[in-house]
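Trainee:
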Amino acid sequence: MFKSIQWKLVMMFVLLVISVIIVVGIYLSSSVTSFYHDDFKKKMDRVFNNDDIDFSGAAVSTDQLDKVLKSFIGMLGIDTYRNYFILNPLGGVYQSSNMELAGDLEYTPNMIRAMRGKKTVDVKNNKDYMDYAIPIMERGKTKFIIYIRDEKNDLNEMTSELFNIILKALAVGLGVSMIMGYFLSSTITIPIASLTKKAEKMAAGDFEQMLEAKSDDEIGKLTNTFNYMASELKHTLEEIASEKNKAETILLNMTDGVMAFNVDGTLIHANPVSRNILNIQTFDDKEANFDEFFKSLNADISIGELIYLDNNKTLEREIEINDVHLKASFAAFKVEKEKVGGVVVVLQDITEQQKLDAARREFVANVSHELRTPLTSIKSYAETLLDGALDDRETAVSFLKVVNNESDRMTRLVKDLLILSRLGDKQVQWNKTYFSMKKLIDEVVEKLTLSAKHRKHRLTFTLVSSLPDIYGDRDRIEQVLKNIVSNAIKYTPDGGEISIFAGCVYNEVYVKIKDSGIGIPKEDLSRIFERFYRVDKARSREMGGTGLGLAIAKEIVLAHNGTLSIDSELDKGTEVTIKIPVA
Numbered sequence: 073m074f075k076s077i078q079w080k081l082v083m084m085f086v087l088l089v090i091s092v093i094i095v096v097g098i099y100l101s102s103s104v105t106s107f108y109h110d111d112f113k114k115k116m117d118r119v120f121n122n123d124d125i126d127f128s129g130a131a132v133s134t135d136q137l138d139k140v141l142k143s144f145i146g147m148l149g150i151d152t153y154r155n156y157f158i159l160n161p162l163g164g165v166y167q168s169s170n171m172e173l174a175g176d177l178e179y180t181p182n183m184i185r186a187m188r189g190k191k192t193v194d195v196k197n198n199k200d201y202m203d204y205a206i207p208i209m210e211r212g213k214t215k216f217i218i219y220i221r222d223e224k225n226d227l228n229e230m231t232s233e234l235f236n237i238i239l240k241a242l243a244v245g246l247g248v249s250m251i252m253g254y255f256l257s258s259t260i261t262i263p264i265a266s267l268t269k270k271a272e273k274m275a276a277g278d279f280e281q282m283l284e285a286k287s288d289d290e291i292g293k294l295t296n297t298f299n300y301m302a303s304e305l306k307h308t309l310e311e312i313a314s315e316k317n318k319a320e321t322i323l324l325n326m327t328d329g330v331m332a333f334n335v336d337g338t339l340i341h342a343n344p345v346s347r348n349i350l351n352i353q354t355f356d357d358k359e360a361n362f363d364e365f366f367k368s369l370n371a372d373i374s375i376g377e378l379i380y381l382d383n384n385k386t387l388e389r390e391i392e393i394n395d396v397h398l399k400a401s402f403a404a405f406k407v408e409k410e411k412v413g414g415v416v417v418v419l420q421d422i423t424e425q426q427k428l429d430a431a432r433r434e435f436v437a438n439v440s441h442e443l444r445t446p447l448t449s450i451k452s453y454a455e456t457l458l459d460g461a462l463d464d465r466e467t468a469v470s471f472l473k474v475v476n477n478e479s480d481r482m483t484r485l486v487k488d489l490l491i492l493s494r495l496g497d498k499q500v501q502w503n504k505t506y507f508s509m510k511k512l513i514d515e516v517v518e519k520l521t522l523s524a525k526h527r528k529h530r531l532t533f534t535l536v537s538s539l540p541d542i543y544g545d546r547d548r549i550e551q552v553l554k555n556i557v558s559n560a561i562k563y564t565p566d567g568g569e570i571s572i573f574a575g576c577v578y579n580e581v582y583v584k585i586k587d588s589g590i591g592i593p594k595e596d597l598s599r600i601f602e603r604f605y606r607v608d609k610a611r612s613r614e615m616g617g618t619g620l621g622l623a624i625a626k627e628i629v630l631a632h633n634g635t636l637s638i639d640s641e642l643d644k645g646t647e648v649t650i651k652i653p654v655a
């Protein structure tokens, strides 16, 4: 019970009252005693130190001296408990106001000083009485001693009564202090108890209830401060929860895998992407151990070298799992200012990046090869002309035609590369308008009919359904159609058939170009739209192709939110389908 602040406050009030009563009692008792002593001394001094009163003249005999003293009984306060004595120089009693006490006298310091002829000035002592002694001198010697003795009965009675009053005051003060202390402490402890309950609810996650401040004192301010703290804590926890949710959402939805291990190497987090990348859905203790896990992936790294990494330093390793290339970045994270909490591993799938790098290297090699071939021919024929062939006009003209053709081939190659570059960088200036797809197909067929007849092909166009106008760059769409139809003419043996069908289905305009040509092997279909990719490289170069036509065509169709697909079978022909949405 006494561990409670309320009872501690009550006990403090009680102890305070006891202390005050004791101090006041001691002070009053001391003051009453001092007053009684001083009053006794003043009365004695008023009689015996008065120059108008001469006791030496009455000191002829003890009777005369006794008569004089009796005349001053009132001034001396002689009563039952205060008596005077006339003593001889040796302390013997001649006369007294109460001779029954004569036998009880004892030598006191005041009496001894009077025997020596000295007047008493100190009436206080530690005994049960007060005394005062005056020597009556004659011829320089002590003749009589007037001795006054007070038994302190009045003082004792007054002190006893004062003590009783103090005890009563103490009892009343204790009762009042306990009652007031209880109620006063309740004004402090009840709000504290409410704050305690509120704090317990806050610890359980309830921040909704607010305490009412019933006063403007420190408790009221504490209550308002507590309410403010609860509100701010709720806001802070909501922000923390929001940030945690953001972090969890990011970790769950990011394309990179994230794993976290503590300093012992135990897995503490792995997002779904990391589990999918590693093809592991659950981890047991053995699989989750950092060193063993990454050792099984042939990654030369241990957690020991990571937890001592400098700040903001990372280690990177490349890992290959089932033809999937991963870049793993390792970094230590801290839970306190200088204490390392563990290691974070970020797994990034770089398979496509490596494929792109390989494609880029292949593209550079192809460009270099495609440019080197005509340059070699041009240089060879130019050197031959310089060596003397220029004099032979027929040979010179033939050589210059070859140089001119190779130059045109280089021009087409550079032009196609520029187009592809602009398409890839979204730098092409599109001139989009509404136009008729039927008219465009008719014009393409008309322009390529002569080439088809030259190869004895039968080129036809069939309108399956009515074609609405589409919104796009007419010249670029024409370029796509001409490229595909020209390819059909080139790769179809003489006397073949090339058919064009067009219609509109589900708000899309489609154009199909079908030929009876040499076809494309299935293994080459997936790469047919790659830059510089040719099924028959030698034959393609002979026909003047750059290997970029289909790549350009697909980029143009994609820029119009359309699709371009090819279906082919070797030695049976090819079917190309173009679909463009109607605006």
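In the numbering used here, the protein residues as written are 73 to 655. All residues carry an ideal CB built from backbone N, CA and C; glycine is no exception. Bear in mind that the values here come from a model prediction, so they are computed numbers and not experimental data.
Pick out whichever of N633, V345 and G245 has its Cα sitting closest to the Cα of F85.
Mentor: Locating residue 85 in the sequence shown gives position 13, where the first residue counts as 1. Here the closest residue by C-alpha is G245.
Trainee: Are the beta-carbon atoms belonging to Y219 and L159 less than 7 Å from one another?
Mentor: Here residue 219 is taken as the residue at index 147 of the sequence shown, counted from 1. Here residue 159 is taken as the residue at index 87 of the sequence shown, counted from 1. Yes, Cβ-Cβ distance for Y219 and L159 is below 7 Å.
Trainee: Apart from the five residues on each side of it in sequence, which residues of its chain come closer than 8 Å, Cβ to Cβ, to I349?
Mentor: Position 277 of the sequence shown holds residue 349. The residues G329, I393, V396, L398, L419 and D421, in chain order, have a CB closer than 8 Å to that of I349 in the same chain once the five nearest residues on each side in sequence are set aside.
Trainee: Can S169 and Y156 be called in contact, C-beta distance under 7 Å?
Mentor: Looking up residue 169 in the sequence shown gives position 97. Looking up residue 156 in the sequence shown gives position 84. In contact: S169 and Y156 (Cβ atoms closer than 7 Å).
Trainee: State buried or exposed for G645, treating a residue as buried only when at least 16 other CB atoms are found within 10 Å of its CB.
Mentor: Residue mapping note: residue 645 aligns to position 573 of the sequence shown, counting from 1. Buried: at least 16 other Cβ atoms inside 10 Å.
Trainee: Could you give the C-beta distance for N182 and D203, rounded to a whole number, given that I count them as a contact under 8 Å?
Mentor: Locating residue 182 in the sequence shown gives position 110, where the first residue counts as 1. Locating residue 203 in the sequence shown gives position 131, where the first residue counts as 1. About 5 Å; that satisfies the 8 Å criterion.
Trainee: Is the separation between the beta-carbon of K584 and that of T521 shorter than 7 Å?
Mentor: On the sequence shown, residue 584 is found 512 positions in, with the first residue counted as 1. On the sequence shown, residue 521 is found 449 positions in, with the first residue counted as 1. No, they are not a contact pair.
Trainee: To the nearest angstrom, how far is the alpha carbon of I145 from that of L242?
Mentor: Mapped onto the sequence shown, residue 145 falls at position 73. Mapped onto the sequence shown, residue 242 falls at position 170. If you take the alpha carbons of I145 and L242, they lie about 40 Å apart.
Trainee: Do you know how far the Cα of I184 is from the Cα of K213?
Mentor: Stepping through the sequence shown from its first residue, residue 213 is reached at position 141. Stepping through the sequence shown from its first residue, residue 184 is reached at position 112. Their Cα atoms are separated by approximately 14 Å.
Trainee: Please state if the CB of D643 and the CB of G591 are separated by a distance shorter than 7 Å.
Mentor: To locate residue 591, count along the sequence shown from 1; it is residue 519. To locate residue 643, count along the sequence shown from 1; it is residue 571. A contact, by the Cβ cut-off of 7 Å.
Trainee: Could you tell me how far apart the beta carbons of A574 and Y563 are, in whole angstroms, since I believe they sit closer than 8 Å?
Mentor: Indexing the sequence shown from 1 puts residue 574 at position 502. Indexing the sequence shown from 1 puts residue 563 at position 491. Not really, about 22 Å apart at Cβ, beyond 8 Å.
Trainee: What's the C-alpha gap between I570 and V417?
Mentor: Translated into the one-based positions of the sequence shown, residue 570 becomes position 498. Translated into the one-based positions of the sequence shown, residue 417 becomes position 345. When rounded, the separation of the alpha-carbon atoms in I570 and V417 is 57 Å.
Trainee: Using DSSP with H/G/I as helix, E/B as strand and the rest coil, what is T448?
Mentor: On the sequence shown, residue 448 is found 376 positions in, with the first residue counted as 1. Residue state, collapsed to three classes: helix.
Trainee: List in chain order: all unbroken alpha helix (DSSP H) runs of 4+ residues lying wholly within the stretch 509-544.
Mentor: 509-526
Trainee: With Q167 as the anchor, note down where its beta strand (DSSP E) starts and where it stops.
Mentor: Here residue 167 corresponds to residue number 95 of the sequence shown, with the count starting at 1. V165 to S168 is the span of the beta strand (DSSP E), which, as asked, contains Q167.
Trainee: Helix, strand or coil: which one does DSSP assign to N236?
Mentor: Sequence index remark: in the sequence shown, residue 236 carries index 164 (1-based). The answer is helix: DSSP assigns N236 an H, G or I state.
Trainee: By DSSP, does G329 sit in helix, in strand, or in coil?
Mentor: The residue you call residue 329 lines up with position 257 of the sequence shown. Reduced to three states, the DSSP call for G329 is strand.
Trainee: Considering only the alpha carbon of each residue, which of D222, I652, V654 and K487 lies closest to L620?
Mentor: Working through the sequence shown from its first residue, we reach residue 620 at position 548. Comparing Cα-Cα distances from L620 to each of D222, I652, V654 and K487, the minimum goes to K487.
Trainee: Decide if M171 is buried, meaning its Cβ has at least 16 other Cβ atoms within 10 Å, or exposed.
Mentor: By one-based count along the sequence shown, residue 171 stands at place 99. The residue in question, M171, is exposed, as its Cβ has fewer than 16 Cβ neighbours within 10 Å.
Trainee: Whose C-beta lies closer than 6 Å to the C-beta of M331 among residues of the same chain, with five residues either side of it excluded?
Mentor: Within the sequence shown, the letter at position 259 stands for residue 331. Here the set comprises A342, S346 and V417.
Trainee: Considering G414, what are the terminal residues of the beta strand (DSSP E) in which it resides?
Mentor: Along the sequence shown, read from residue 1 onward, the residue named residue 414 stands at position 342. V412 to D421 is the span of the beta strand (DSSP E), which, as asked, contains G414.
Trainee: Determine the closest residue to F533 out of E284, K510, D176 and E595, with distance taken between C-alpha atoms.
Mentor: For the purposes of this step, residue 533 is taken as residue 461 along the sequence shown, with counting starting at 1. Among E284, K510, D176 and E595, the Cα nearest to that of F533 belongs to K510.
Trainee: In whole angstroms, what separates the C-alpha of I379 from that of F365?
Mentor: Against the sequence shown, residue 379 aligns to sequence position 307. Against the sequence shown, residue 365 aligns to sequence position 293. About 17 Å.
Trainee: So for F107, helix, strand or coil by DSSP?
Mentor: Taking the sequence shown and counting its residues from 1, one reaches residue 107 at position 35. In the structure shown, F107 sits in a helix (DSSP, three-state: H, G or I).
Trainee: In the DSSP assignment, the beta strand (DSSP E) including N579 goes from what residue to what residue?
Mentor: Taking the sequence shown and counting its residues from 1, the one referred to as residue 579 is at position 507. Looking at the DSSP string, N579 is not in any beta strand (DSSP E), and its letter there is neither H nor E.
Trainee: Return the residue from the list F216, T259 and G292 that minimises the CA-CA distance to G163.
Mentor: Here residue 163 refers to the residue found at position 91 when the sequence shown is read from its first residue. For G163, the nearest C-alpha among the options comes from F216.
Trainee: Beta carbon of G292, beta carbon of L81: below 7 Å?
Mentor: Reading the sequence shown from its first residue, position 220 is the one you call residue 292. Reading the sequence shown from its first residue, position 9 is the one you call residue 81. The answer is no: Cβ separation not under 7 Å.
Trainee: According to DSSP, is G645 helix, strand or coil?
Mentor: By 1-based counting over the sequence shown, the position of residue 645 is 573. Strand, per DSSP.
Trainee: By alpha-carbon positions, which one of H109, E580, H526 and N317 ends up nearest to Y201?
Mentor: In the sequence shown, counting from the first residue as 1, residue 201 sits at position 129. Comparing Cα-Cα distances from Y201 to each of H109, E580, H526 and N317, the minimum goes to H109.
Trainee: Excluding five sequence neighbours on each side, which residues of the same chain lie with their C-beta closer than 8 Å to the C-beta of C576?
Mentor: As a first step, residue 576 must be located in the sequence shown, where it is residue number 504. The residues are S537, S538, L539, P540, Y582 and V654.
Trainee: Under the rule that 16 or more other beta-carbon atoms within 10 Å means buried, what is T261, buried or exposed?
Mentor: Reading the sequence shown from its first residue, position 189 is the one you call residue 261. It counts as buried.
Trainee: Assuming I450 contacts I513 (C-beta within less than 8 Å), just tell me the rounded distance between them.
Mentor: Within the sequence shown, the letter at position 378 stands for residue 450. Within the sequence shown, the letter at position 441 stands for residue 513. Not confirmed; about 38 Å, so no contact.
Trainee: Around the Cβ of D222, are there at least 16 other Cβ atoms within 10 angstroms (buried) or fewer (exposed)?
Mentor: Mapped onto the sequence shown, residue 222 falls at position 150. Buried.
Trainee: Quick one: what does DSSP say I652 is sitting in, helix, strand or coil?
Mentor: Numbered from its first residue, the sequence shown carries residue 652 at position 580. Of the three classes helix, strand and coil, the one that applies to I652 here is strand, per DSSP.
Trainee: Flag this pair as yes or no: are the beta carbons of I340 and A371 separated by less than 7 Å?
Mentor: Here residue 340 refers to the residue found at position 268 of the sequence shown. Here residue 371 refers to the residue found at position 299 of the sequence shown. One thing to note: I340 has its Cβ no nearer than 7 Å to the Cβ of A371.
Trainee: On the criterion of 16 or more Cβ atoms from any shown chain inside 10 Å, does H307 qualify as buried, or is it exposed?
Mentor: As a first step, residue 307 is located in the sequence shown; it is residue number 235 there, counting from the start. Exposed: under 16 other Cβ atoms inside 10 Å.
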